[in-house]
Ligand SMILES: Cc1ncc(C[n+]2csc(CCOP(=O)(O)OP(=O)(O)O)c2C)c(N)n1
Ligand SMILES: [Mg+2]
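Numbering (the numbering used here), first residue to last: 118 to 443.
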C-alpha cells in the first residue's frame with residue numbers, strides 16, 4: 118500500500134471541525150437527557166468520531182449509508198443538518214424522522230441515509246439489498262454499511278458478506294470495532310478476534326485501520342471506494358476504535374478496566390489532530406477558539422429550534438402505521 122500525501126491544511130481543519138461538532142453535539146445531548154428533554158435510549162459515539170468524520174467525507178451524495186443505533190456521528194458527518202437531528206432527539210415533528218424515531222432511528226432519504234437500526238447486524242441485509250438494486254440498475258453507487266464488532270457474531274453478518282462477495286456487490290462494510298458488544302469483550306465472544314481476517318475468508322479485500330486516526334480512516338476509505346467503484350466487488354474495513362463512555366446511559370460500565378479506558382483516551386483523535394495542526398502552524402489558539410465558538414452557536418440554534426418545534430398532533434397517531442384504504 119502506498120503512502121498518501123498529507124491533506125491540504127483546510128481539509129485537515131475541516132476534519133477537526135467535524136469531529137468537534139460530533140463530540141459537542143453528544144455532550145449537549147447528555148445534558149439534555151439529564152434534563153429529560155431527550156428520552157429513551159442514548160448510545161454515545163464519543164471517542165469514535167474519527168471513523169464517521171474520516172469515512173463519510175470520502176463518499177458522494179448519490180452513495181447510500183446504512184447505520185446503527187450509535188449513529189449521531191454518522192448522521193452529522195453525512196450532512197443531515199443539526200437542527201433536523203436535534204429536533205429528532207427531542208421527538209419533535211420537525212425531526213429528520215418526523216419525531217418518531219429518536220436517537221436510534223435517525224433517517225434521511227434525501228441524503229440516502231437509511232437509518233439508524235436497533236437490531237445488531239440489522240443493517241447488513243439492508244445494505245446488500247440496496248447495493249443489489251444499484252448493481253441491477255448499473256449505477257456506479259457505493260453503499261456504506263456501518264456496524265459494530267458485535268455484529269460479527271450474528272448470522273446475518275456471514276450471510277451478507279458471502280452474498281455480497283458472491284454477487285460482487287458495491288458494498289463497503291465498515292466495522293467499527295470498539296472492542297466491546299455491550300459488556301462483552303471481543304476476546305470473550307469470538308474465537309478469531311481479527312475481524313478483517315474473517316472478512317477476507319469470504320473473498321473480499323479487507324484490512325484493519327487505526328480508527329483513532331481520522332486521516333488514516335480517510336486514506337483507507339479512498340482506497341476501498343476506488344476499488345469498489347472500479348468493479349472490484351465489496352471491501353471490508355475493520356476500524357479499530359474505542360468508546361470512551363458506557364454502552365448507553367443506562368450502563369454502569371463495570372466490565373472495563375479503568376487503565377484500559379485511559380490508554381485509549383490518550384489516543385483521542387480530537388486533541389491528536391488539533392496538536393498536529395498547531396505543530397504545523399496551520400491552526401493557532403484563536404483559530405481553535407473560533408472553531409469551537411462556531412460549533413457552540415450551531416448547537417445553541419439547533420437546541421432552541423428543537424425546544425420551539427411542534428410535536429406531532431395526536432390525530433396523526435396512526436399515520437405511517439397502517440396502509441390507507443384505497
Ligand atoms: C439482534 C440483537 N441482539 C441483541 C441486541 C441487544 N444489543 C444491543 S446493542 C448490543 C451490542 C452490540 O455491540 P456492537 O455491535 O459491538 O456495537 P457497539 O454498541 O459496540 O457500537 C446488543 C447485544 C440487539 N439490539 N439486537
Ligand atoms: Mg462494539
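Glycine residues also receive a C-beta, built at the ideal position from the N, C-alpha and C atoms. All of these numbers come straight from a predicted model, not from anything done at the bench.
Span separating the alpha-carbon of residue 279 from that of residue 388: 39 Å
Any non-hydrogen atom of ligand 2 closer than 7 Å to residue 359 Cβ: Residue 359: no, Cβ never under 7 Å from ligand 2.
Any heavy atom of ligand 1 nearer than 5 Å to the CB - residues listed: 187, 236, 237, 265, 266, 267, 268, 295, 298 and 299
Beta-carbon proximity check, residue 197 vs residue 225, cutoff 8 Å: Pairing residue 197 with residue 225 gives a Cβ-Cβ distance under 8 Å.
Any alpha helix (DSSP H) of 4 or more consecutive residues that is wholly inside the stretch 279-320: 303-306 and 312-317
Boundaries of the beta strand (DSSP E) in which residue 413 is found, first to last residue: Residue 413 -> not in any beta strand (DSSP E); alpha helix (DSSP H) instead, spanning 402-425.
Where residue 438 falls, given that 16 or more other Cβ within 10 Å makes a residue buried: exposed
Pairwise C-alpha distance: residue 164 and residue 135: 13 Å
Nearest residue (CA-CA) to residue 405, options 182, 125, 121 and 131: 131
Residue 154 to residue 357 span [Cα, whole Å]: 33 Å
From 242, 195 and 236, residue whose alpha carbon lies closest to that of residue 227: Looking at the Cα atoms, 195 is the closest of the given residues.
Complete runs of the beta strand (DSSP E) confined to the stretch 161-194 [at least 3 residues]: 181-183
Residue burial classification, residue 118 (beta-carbon count within 10 angstroms, cutoff 16): Confidence at residue 118 is low in this model, with a pLDDT of 48, below 50, so the placement of that residue is unreliable and no value is reported for it.
Residue from 251, 183 and 289 whose Cα sits closest to the Cα of residue 223: 183
Option in 208, 234, 329 and 212 with minimal Cα separation from residue 200: Out of 208, 234, 329 and 212, 212 has the C-alpha closest to the C-alpha of residue 200.
Bridge-paired residues (DSSP) for residue 260: 181 and 288
Whole-number beta carbon distance between residue 216 and residue 436, since they are thought to touch under 8 Å: Actually they are not in contact, since the Cβ atoms of residue 436 and residue 216 sit about 12 Å apart, beyond 8 Å.
Environment of residue 126 [buried if 16+ CB atoms lie within 10 Å]: exposed
8 Å Cβ shell around residue 137 - same chain, five flanking residues per side excluded: Cβ neighbours of residue 137 beyond the five flanking positions: 387, 408, 409 and 412.
Simplified DSSP state of residue 232, which is helix, strand or coil: coil
Of the listed residues 236, 238 and 262, nearest to residue 244 (C-alpha basis): 262
Alpha carbon of residue 433 to alpha carbon of residue 321, nearest angstrom: 46 Å
Which residues DSSP lists as bridging residue 324, in chain order: 354
Cutoff 8 Å; reference residue 145; Cβ partners in own chain excluding five residues on either side: 416 and 420
Rounded straight-line distance, which links the Cα of residue 147 to that of residue 133: Looking at the two C-alpha atoms, the distance is approximately 21 Å.
Identity of the residue in 169, 173 and 160 nearest residue 220 by Cα: 160
Local conformation of residue 118 per DSSP, three classes: With a pLDDT of 48 at residue 118, under the threshold of 50, the modelled position of this residue cannot be trusted; read the value that follows with caution. DSSP places residue 118 in coil when its eight states are reduced to three.
Euclidean distance between Cα positions of residue 246 and residue 401: 47 Å
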